[in-house]
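Structure record follows, encoded as C-alpha cells.
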Amino acid sequence: MQITSKLPAIGTTIFSVMSALAREYGAINLSQGFPDYDCSPLLSQLAAKYIQNGHNQYAPMPGAIELRERIAEIIHLCYAADYHPDSEITVTAGATQAIYTALTAIVNPGDEVIVFEPAYDCYAPSIELQGGKVIFSRLKAPEFSIDWEDVRKKISPKTKAILINSPHNPSGSTLSLNDLQQLEKLTENTSILIISDEVYEHMVFDGKTHQSVALREGLRARSFLVSSFGKTVHTTGWKIGYVAAPQALMNEFRKIHQFLVFAVNHPLQLCLAEFLKDARNYIELKHFYEAKRNLFLKLTYGSRLKPLHSAGTYFQLMDYSSITQENDTDYAKRLTKENKIASIPLSVFYKEKPEQHLLRFCFAKKDETLEKAADILCQL
Ligand code: PMP
Ligand code: GLN
64 MQITSKLPAI
74 GTTIFSVMSA
84 LAREYGAINL
94 SQGFPDYDCS
104 PLLSQLAAKY
114 IQNGHNQYAP
124 MPGAIELRER
134 IAEIIHLCYA
144 ADYHPDSEIT
154 VTAGATQAIY
164 TALTAIVNPG
174 DEVIVFEPAY
184 DCYAPSIELQ
194 GGKVIFSRLK
204 APEFSIDWED
214 VRKKISPKTK
224 AILINSPHNP
234 SGSTLSLNDL
244 QQLEKLTENT
254 SILIISDEVY
264 EHMVFDGKTH
274 QSVALREGLR
284 ARSFLVSSFG
294 KTVHTTGWKI
304 GYVAAPQALM
314 NEFRKIHQFL
324 VFAVNHPLQL
334 CLAEFLKDAR
344 NYIELKHFYE
354 AKRNLFLKLT
364 YGSRLKPLHS
374 AGTYFQLMDY
384 SSITQENDTD
394 YAKRLTKENK
404 IASIPLSVFY
414 KEKPEQHLLR
424 FCFAKKDETL
434 EKAADILCQL
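Take any residue in the sequence shown, count from 1 to its spot, add 63: that is its number in my numbering.
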C-alpha cells in the first residue's frame, strides 16, 4: 500500500539518527540533548509513592490541579506574572506536544509563521502540517541574535504568529530585554500571536536573567509560553511540559489538547507538584549547568575546536574549520564512527545550508564523561 506523504522532504530526526549511530559505534554521546546522570533520588521516591498510593487513573484533562498551581507559583516567582491555574495553564506531554497543539490551534491554511533559523527541528513540520507557511528569518552568526529589521520586512497581513526560542537550541544564545522590546513594538496593534519556547528557562548563565514573554504585559497577552520539566529536573524521558496562555488562547489550545492526548501521566504530575514546592530544585539549576559549561570549555581549551559563546541551554557550539572543511553532517558522522564521539551538525537546523563548520555538543553529562570526551576532542 502507498500513501501520499504529508511530509515528503522529512526523514528521521537528527537526534534519533545520531544517538543510534553513537550506540552502534560505542561512541560517547554528546549529540541528542539529555543528561547521562539520574534525576534526584527524592524525585524517584515521590514517583514511586504516587504510583503505589494508587494515583494511576486519568488526570483531569488540563492537568492535575496540584501541578497547575505549582506552575502558576513558579511563573509568579520567576517573572512576577499571574496565570490562573484553572483557565490559563495546561500540562502537556512535553514541549513538543505543547508546540504542536498551539500551532494546530492557531494556524489555518495559508497562514504564515515566522521562525528563526537555526530552528529546533519540530517547528517547521508542525506548521506545514496545518497548511501554514514557514517564513524563516536567519539569526546573525556568530552571536545568533535576531535581525529585527529582517523580521519587520517579513511580517505580512498573513503573519499569524512568531515562534521564538530562548535560551536557544542549538546555538545557546539568549534574548535580551531589548529583543523583547523589539518584539513588543513590532507586534503592537497587530493580531500576531507568539509561541515562546522557553524549555531552557532555568539555564541562563553568567548572572544574566531569563527574558520570558511573561515579563512583559504586551507580550504575555498574545503568547503561548511553553516549557518542559524534562530539562529542569533531569527527566527528559517523562515527557511532561506545559503551556501558559491567556484564557481565550488557552480555550482553543484545550480543544485540540483534549483530542490529541486528553491528559498526561497522572502520578508523575503529582510527583512533580510535590518536588517543585522546593524552589531550589529549579532556581539553582543555572549554577549546575554553568559549572558544566565551564568544565567542558576548560577541558577542551587548547584543542583545535573554537568554542562559540553559550549563554544558556546545555549545548556548546564548536567551530571545527581549523581541522577540516568537510561538511558538518559528514564530519559529525565520521567523528562518531572513527573517533567515537557523537555531536549534532548545525546545518540540519537550516533550510538553506549556510557556509559554516559548526557542531553542537551537549554538556549535560557527568564530569567523567566530559573528561573522556575532551580527551578525544583535544586529539583532533
Ligand atoms: N524545544 C526545544 C528548544 C528543545 O530543545 C526540546 C527538547 N529537548 C523541546 C522543545 C522538546 O521538549 P520535550 O522533550 O519536553 O518535548
Ligand atoms: N531537544 C533535544 C536536543 O535538542 C532532543 C529531543 C529529541 O530527541 N527529540 O537534542
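The C-beta atom is built at its ideal place from N, Cα and C for all residues, glycine as well.
- Assignment of residue 422 by DSSP, reduced to helix, strand and coil, places it in the strand class.
- Here the C-alpha atom of residue 268 lies approximately 34 Å from the C-alpha atom of residue 326.
- Put simply, the segment 171–180 does not touch the segment 321–339. Fewer than three CB pairs are less than 8 Å apart.
- For the pair residue 344 and residue 296, the CB atoms are nearer than the 8 Å cut-off.
- Taken in chain order, the complete beta strand (DSSP E) segments of 3 or more residues contained in the segment 272–344 are 286–291, 304–307.
- Look at residue 201 here: in three-state DSSP terms it is strand.
- Counting the other Cβ atoms within 10 Å of the Cβ of residue 135 gives 16 or more, which makes it buried.
- Rounded to whole angstroms, the separation of the alpha carbons of residue 442 and residue 240 is 40 Å.
- Annotated as distal: residue 404 and residue 380, with beta-carbon spacing of 8 Å or more.
- If you draw a straight line from the Cα of residue 208 to the Cα of residue 223, it is about 22 Å long.
- Note on geometry: alpha-carbon atoms of residue 104 and residue 301 lie some 15 Å from one another.
- Closer than 7 Å to some heavy atom of the ligand GLN: that does not describe the Cβ of residue 424.
- Counting along the chain, the unbroken alpha helix (DSSP H) around residue 359 starts and ends at 348–363.
- Burial is judged here by how many other beta carbons sit within 10 angstroms of a residue's own beta carbon; residue 313 has at least 16 and is buried.
- Here DSSP, grouped into helix, strand and coil, assigns residue 378 to strand.
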